[in-house]
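Protein chains in written order, with my numbering: chain L, 1 to 483; chain X, 1 to 499.
So this is what it looks like as structure tokens:
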């Protein structure tokens, strides 16, 4: 273990190390000063961001290829850290309102965050697995954080059982690949697959199982069943973080493994991911129409958005399109992260201390009584639909472009038609807010409001001037794995 | 670089900014600021007109800047005006202050939001007519949906929510297909700028057909062409008066303009080949719209369906693909904006007084409201195409063009469309008779007040142009002539090849 390697993963080390320390420090913080722990957690994330930015252009591999540091990893890590900061800001008031404010919340969140960051720079299937568990286990606990409320416990249980099941698939897949190729390192796998003329079917089976395991994490159809229940039952602040963080983490691994490590078998995973993408978009959007509870609605919406991001994979199966497809997916993850977290912020503001106020009907009258909040929600809904001039539109534009470029015209058509379907249920929220009478009583809390306003502004500004974000995404190259 | 057109497009935003700062219960102040903002915009657009060189056939006052790059393709902020779009820009900036004036007493609730949405809508509409980059065009095109959705959904009639959602979904359904076609063009030619795409040409004929159809899906829904019109009666009837005026006056023209600006020059082979089909659907729309209008008992619905009929004429003219047809089509877009806009204002005026639009509730209004009656008569006659008023000039030119059109290939369409003119006379006069003639047999009608000064001022500018275009249309044709000739000349070479 050399110093260079340690420096390369410094941001991850800061987050994980600081979380461990904070676990201890929290014991000595008096209960009435509950604001100290989140503040310290946020400072830790800021330190990690500074460390990350200071070496943002670094391209190297560490720990003998176990870790890859490249533009792709750096950009995703930055996204995770920013989302983490927003998640802390949004959770603070909510936890106190629900009377579940405990310091562990923030340390668990940071552990999960370090798992996501590690995932983005994994160069070895073992690291993928370890970071997947590091990402997931804190989330299982967080989902049950509102204990002893039964729906929270139920959510934690479901999430844990299905997550463990998915991990099982994942490990089995890794084992099969190791059995065939004799290595778990991504570049070793490439080399050994290139060396043979026909690819052993066991390796294909292994790859498929890895896809199943990660498909669970990103909530792609048909591995999505846990999503609505878990999203609904978990404390809303956890759901908000999970819906963007865990999803982006899963995609970080999917994109890296399938685009960089298995390009030789693209002919096989290309069509497979194409069907997953189409089914996910279709089912997520159709099922969302029937929902009356905003958390369930956003859960299905997050399934649908996993489908849109999944479009990048079949597009990337065409080598010439792969770089743009990858950038499109990254851009979409950023766009989705900003927008979706903002929308969950509104849900947090409207949830009452006893955990009600989560039906879409409860939003009636928001447009008249709280125009700023309603306007922000309108922006988020339009962005999730993909109506210009929002960042959500830019994201879809980029991904559909990649699909058409790869001659997947019908997939792009499925994409636009399901976007049309999604307009129906996103618009319904706007209808309820502006066109029905009611008396909502949202919380007005500084940190939460600031997060929501920032996300809304970012949604519009990056929709009108996507240049800087596109630039960032276009520099996020994946380091060539072959020496 | 010339920033003239940016000013035309975004001046309403200044009004929006001022309104945002005003307290929301100062209704009159907000109205005045909105009116002033839209009048200033109109003034700026007149300045643009004064700088317009009508003998020059290509884009003028072009502003072209790099906006951002996506996948290596430059996306530009690229706006320009030519003879095809100039009149429509002026129509938009002209109708907006009139619409705002027409809502003066009709909108009493949430005036601030109403005016903000209205001015935002103007930005979107002007942008649609000026954008010369497909991406920029799409942004403006989709953006107009949002304010209009709110205008219908918040300030509309009893079934406003249904109408607003239907409007949004219908229009979006069309435009997403166009989006795919735009993406295809962008990938294939590595540019989204319309003039560049036209020059590159060389799209294989069968692909042209598909692209034509994808663009046409968006535009035909917007126009709306039969059989895609079913959102229109709902949206029109439920929208507040000003919304209907803008919807009929400008938003529908975005569809016909789209055919003119994109479908015809970008996919000339397909345009020539599909022209008979377009003419067929246009004629069905003319006759169907007229027949359904006749069956209506609600005045607003009647006017709404008459739009389907009138815009059929526009499509017929455009796809005659000869100078008369296209010039007539453009002029008829303006005419329809003026007359139908005026008709919706007129309907709004009576609705404000009686809160009903059923024809049976009226009768003999002429005796009680003579000024109202006289103005209505002029507008009605204009809408049915009486010689000497604007509608006649447009329809006559269109019929002339389509009768001798090579592209359409048969004079039958023009003949059937001419029957539509007669039908228009029947339903329009029927409506006028029901409302204004006969005895005053309802007590409520006897106490109605005639128009006040504000209402007269709202209608007079429209009537002025109705006469001007009807009596001396030459200046209007001169503005578009060179651009239309230019467009037809590029088509001429194509139709030779196809035939």
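No residue lacks a Cβ here, since even glycine has one placed at the ideal position from N, Cα and C.
The C-beta of residue 404 of chain L comes closer than 8 Å to at least one C-beta of chain X.
When the beta-carbon positions are compared, residue 287 of chain X and residue 416 of chain X come within less than 8 Å of each other.
Partner residues in the beta bridge of residue 78 of chain X, as assigned by DSSP, are X/64.
For residue 455 of chain L, the enclosing alpha helix (DSSP H) starts and ends at 446-464. Beyond the five residues adjoining it in sequence on each side, residue 6 of chain X comes within less than 8 Å, by CB distance, of 63 and 79 in the same chain, given in chain order.
Within the same chain, and ignoring the five residues on either side of residue 334 of chain X in sequence, the residues whose Cβ sits closer than 6 Å to its Cβ are 87 and 91.
Between residue 161 of chain L and residue 334 of chain L, the gap from beta carbon to beta carbon reaches 8 Å or more.
By the C-beta criterion, the stretch 162-170 of chain X is judged to be in contact with the stretch 228-247 of chain X, since at least 3 inter-stretch pairs fall below 8 Å. For residue 262 of chain X, same chain residues with a beta-carbon under 6 Å away, outside a window of 5 residues either side, are 215 in chain order.
Only 160, 161, 164, 165, 168, 169, 172, 173, 176, 177, 179, 180, 183, 184, 186 and 187 from the stretch 158-190 of chain X bring a Cβ to less than 8 Å from some Cβ of chain L. Any Cβ of chain L closer than 8 Å to the Cβ of residue 200 of chain X would place that residue at the interface, and such an atom is absent.
The three-state reading of DSSP puts residue 285 of chain L in helix, counting H, G and I together. The Cβ of residue 142 of chain X sits closer than 8 Å to at least one Cβ of chain L. Against chain L, the beta carbon of residue 30 of chain X has no neighbour under 8 Å; the closest one sits roughly 15 Å away. As DSSP reads the structure, residue 70 of chain X sits in a beta bridge with X/73.
If you compare the alpha carbons of L/315, L/248, L/75 and L/16 with that of residue 267 of chain L, the shortest gap goes to L/315. Chain L has no Cβ within less than 8 Å of the Cβ of residue 427 of chain X. Nearest CB-CB separation between residue 324 of chain L and chain X: below the 8 Å threshold.
Between the stretch 187-194 of chain X and the stretch 128-141 of chain X, the count of C-beta pairs closer than 8 Å reaches three or more; the two stretches touch. By DSSP's assignment, residue 359 of chain L forms a beta bridge with L/293. Not flagged as an interface residue toward chain X: residue 319 of chain L, since no C-beta distance is shorter than 8 Å. In the three-state DSSP reduction, residue 197 of chain L falls in the coil class, being neither helix nor strand.
Between the C-alpha atoms of residue 73 of chain X and residue 188 of chain X there is a straight-line separation of about 11 Å. Counting the other CB atoms within 10 Å of its CB gives residue 140 of chain L a total of 16 or more, which places it among the buried residues. Between the alpha carbons of residue 254 of chain X and residue 51 of chain X lies a distance of about 24 Å. Considered as a whole, the stretch 408-460 of chain X harbours 412-436 and 443-446 as its complete alpha helix (DSSP H) runs of no fewer than 4 residues, in chain order. The residue from L/341, L/409 and L/136 with its alpha-carbon nearest to that of residue 458 of chain L is L/341.
Using beta-carbon distances, residue 466 of chain L counts as an interface residue toward chain X, with a partner under 8 Å.
Taking C-beta separations shorter than 6 Å and ignoring five residues to either side along the sequence, the partners of residue 235 of chain L in its chain run 145 and 146, following chain order. The three-state secondary structure of residue 104 of chain L, taken from DSSP, is helix. At a C-beta separation below 8 Å, residue 388 of chain L has these neighbours in chain X: 138, 139, 142 and 143. If only uninterrupted beta strand (DSSP E) runs of at least 3 residues are considered, those enclosed by the stretch 4-66 of chain L are 60-62.
No Cβ-Cβ contact shorter than 8 Å links residue 365 of chain L with residue 442 of chain L. A Cβ of chain X is located within less than 8 Å of the beta carbon of residue 413 of chain L. Annotation for residue 319 of chain L: no alpha helix (DSSP H) segment contains it, and DSSP assigns it neither H nor E.
The three-state reading of DSSP puts residue 358 of chain X in strand, counting E and B together.
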